[in-house]
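Below is one structure, written out as structure tokens; the observations come after it.
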Amino acid sequence: MNTILGLDLGSNSIGWALIRQNSQDKEGEILGIGSRIIPMTQDVLDNYGSGTPSRTQTSERTGYRSVRRLRERNLLRRERLHRVLNILNFLPKHYSGNIDFEKRLGKFLPETETKLVYDEDNQFIFKNSFNEMLEEFRLKNSELLSDGRKIPYDWTIYYLRKKALSKKIEKEELAWIILNFNQKRGYYQLRGEEEEENPNKLIEFHSLKVTDVIPDEARRGSDKIWYSVILENGWIYRRESKYPLFDWKDKIRDFIVTTDINEDGTIKKDKEGKEKRSFRAPGEDDWMLLKKKTEKQIDNSRKTIGEYIYNALLEDPNQKIKGKLVRTIERKFYKEELIDILKKQVEFHKELQSSELLNACAEELYRSNEVHQNLLKAKDFLHLFVEDILFYQRPLKTKKHTVGNCSLESRIFIKNGMRTTEFLKTVSRSHPLFQEFRIWQWMQNLKLYEKYTQTDVTSKFLITENDYENLFDFLWNRKEVDHKVVLEYLVKTKFEDLKPKQITVKAKEFRWNYVYDDVKDESKNYPCGETHSMIKNRLEKIEDLPDDFLIQENLEKLWHIIYSVTDKAEYEKALKTFAKKHNLDEVQFVDNFKKFPPFKNDYASFSLKAIKKLLPLMRIGKYWRYEDIDAKTQVRIDNLINAIEDETIKERVREKAINLTNQYHFKGLPLWLASYIVYNRHSESGDYIKWNSPRNISDFLDPKIAGSFKQHSLRNPIVEQLTTETLRVVRDIWQQYGNGEKDFFDEIHIELGRELKLPNDERKKITQRNTENENTNLRIKALLTEMQYDNNV
């Protein structure tokens, strides 16, 4: 009699049943049955089911910690600036007198935080520059100051930022500007954070004045009225509302405008000949559109940010600056402005030219780091302020420890006198070698059937090695495929006389063994040579490219640049270096690849080393070379062929490879057989831990014991809670029904709920699809209700 435990895992429950069964005599009994509910609020379950990140206590603490770190880094930059500016003697006396440069190194004295621009008597210290600014306002708008209106002292900073680009300013004023750049540095955007642009839709942020509001006639049975909102540029915004919109007139409103674009770049038109354009109110996620609009305006003005803001104030003193005129923009705009200011002011202030003062600053900032001191001493003050203090961006921390381990490859080394085994990390799914490996594996598992007879006809389409070569070439040059694409390709190669329409009809007579819906004639899309096809498509746009350029070596080098470099400037620099090294047109190459979307951080099940060992055995035809097989595996193959005794080859492997009698048989092998030949195993675990008592499970869950389960290691609180609770359920059943005996369970069967099998993005898609269907049904219901009162229907 076998003792079998069955577990049914849901997102907040664990169902279990313990049975004793004799399969031969068809006898059995239920020893126990039950369920354990995991306490969890409904909002957490809803967020998990919809793919929305849950707001756990840990995530909230992380959010608060991030805010604290941002503030701490801001203060640290300010303290470092204080120390440098004090050495240069650029700080006003009343300001530097309240800063501790001996013990607290640049921090304000306790209970003080002096304003740089106001002295002890609370008087603005840059009156001369302020008066110069007032004179410019009088010349531009003489009526502005005639009614006794006052101009804020704070606007002087924008005047100074403009003046510093061409004229000398006082050293204290320059210190104010430098410290001001610490407060607002711009947004540092990594590659991949940009939203993907749809070539057939133009989405823009517009602030437009409403010139008129015209209502339609009220409809019977509805409390809503349609309004035509006429905008200053002639556009008409149609909106339905319960409440009157007449108060919109003569006001400026913000809109997100989506315009449909034809392939040739012209605007699409509806049946009435009007341009197809939709409007909506800005949401929280639309800040990127406002950012692009502001950056475009600054670029078109050919001014720095300081000049742009100051000129806008001259034109309209009522202009709101923060959050309106300039909200969030790219960091490069601030960086370029500060560089221009410092380059000009170096000409007027000898302190910024002094190598002795530069050395003193380097020694002050890096008292225990002589290497970095020497690096700074070889630079100048421009580099010190811009690159080392204000706009320094630390490299992102590596998350390599979160990547899964390869079950086939490991390395052994001595650590603290102990022999230690460490498994290699799995390879990225975007790596070209993995994608080639995935295609060969997919092809080996591919089966074709006639729909009506359910006869396996794979051998009629894929007969020779040449057939597999051609199919591989077809898949390698495509990003993804569905059943229609593959079947039509195979039918076309088999029935060469058929016309395109006949090929489509003929392909419908067959199906494949992968996910397929016969009723809807739909299938899942399967990834193929994504990396190769995306890179190839861009390379084809480059003139005079050698035909044999995209060899495996160049493909991997280019993939590595796209995959590993996240900084935009460094990425473009790497592309230029690659183009020069390979004698490519630098401008064309960079233009085609600078907007290449970064690859996702998804990982395979095997390491690159394991794939390099398995792949040569899976290739076929012109892609196979016996010399590509690693030397150790070649020795194993020779011993298998010649039946030579080898302790490293298990008897089971000899049974599996009994039909492989010469070197040319070791190609086109399925993954399981290639794994046996190289590693002596396939799905069997190479190094597993077996628990012999419930106490072992308790020890594994105890965080105080070394080598136990690490809390938060799964980075998903629901899955982690479910995993640990499942182990506790098994432990309790083992203890109650088996009295903790060794080898009590013969089998453990686990069934996962659908929401646990699906990744986060798939759960999100399902939720969005359900929401769209629900909204469609509500619209239909509203139309039917409206038609009920229409006498013409």
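Residue numbers (this note's numbering): 5 to 797.
Cβ atoms here follow ideal geometry from the backbone N, Cα and C, with glycine treated the same way.
Small disclaimer: the values here were computed from a predicted structure and weren't measured.
For G10, the uninterrupted beta strand (DSSP E) run begins and ends at 6–13, by DSSP. Residue pairing by DSSP places T430 in no beta bridge whatsoever. Secondary structure at L554: coil, using DSSP grouped into helix, strand and coil. With contacts defined by Cβ atoms closer than 9 Å, V390 and K339 form a contacting pair. For L760 and D50, the gap between their C-alpha atoms comes out near 13 Å. At a Cβ-Cβ threshold of 9 Å, T215 and K253 count as neighbours. By the beta-carbon neighbour count (other beta carbons within 10 angstroms, threshold 16), H405 is exposed. If you draw a straight line from the Cα of D571 to the Cα of V407, it comes to about 22 Å. DSSP links Y241 through a beta bridge to V233. For N700, the enclosing alpha helix (DSSP H) has its first and last residue at 698–705. Within the DSSP bridge table, the entry for N409 names K429 as partners.
If you look at W20, you'll find it in the beta strand (DSSP E) that goes 17–26. In the structure shown, H753 falls within a strand segment according to DSSP collapsed to helix, strand and coil. Under the three-state reduction of DSSP, G38 is assigned to strand. Taking every protein chain shown into account, the CB of W676 has fewer than 16 other CB atoms within 10 angstroms, so this residue is exposed.
Distances from the alpha-carbon of L400 to those of D706, Y192, N684 put Y192 closest. The alpha-carbon of P674 is positioned some 7 Å away from that of Q445. If one requires a minimum length of 4 residues, the alpha helix (DSSP H) runs lying completely within the segment 129–186 are 131–144, 160–167, in chain order.
In terms of Cα proximity to Q127, the closest of H98, K585, R153 is H98. The Cβ atoms of K483 and E557 lie no closer than 9 Å to each other.
Within the segment 277–347, the complete alpha helix (DSSP H) runs of at least 4 residues fall at 291–305, 309–319. Just measuring C-alpha positions, the residue of T263, R773, I23 sitting nearest K278 is T263.
In this structure, T728 keeps its C-beta atom at 9 Å or more from the C-beta atom of L756. In this structure, DSSP gives Y607 an extended state, which the three-state scheme calls strand. Secondary structure in the segment 654–682: the alpha helix (DSSP H) runs of 4 residues or longer, each lying completely within the stretch, are 655–660 in chain order. In this structure, K255 sits away from K324, with a CB-CB distance that is not shorter than 9 Å. The beta-carbon distance between Q725 and I42, rounded to whole angstroms, is 6 Å. This is short enough to meet the 8 Å contact definition.
Judged by their CB atoms, I333 and T298 are nearer to each other than the 9 Å cut-off. Residue environment analysis places I662 among the exposed positions, since fewer than 16 neighbouring C-beta atoms fall within 10 angstroms of its C-beta.
By the beta-carbon neighbour count (other beta carbons within 10 angstroms, threshold 16), M137 is buried.
Under the three-state reduction of DSSP, Y530 is assigned to strand. When the alpha-carbon of N696 is set against those of G744, V682, K654, the nearest one is in G744.
Secondary-structure assignment with DSSP links P721 through no beta bridge to anything. For the pair K626 and E473, the CB atoms are nearer than the 9 Å cut-off. According to the DSSP assignment, P219 belongs to the beta strand (DSSP E) that extends over 205–219. Inter-residue distance for K498 and L475 is about 12 Å (C-alpha atoms, whole angstroms).
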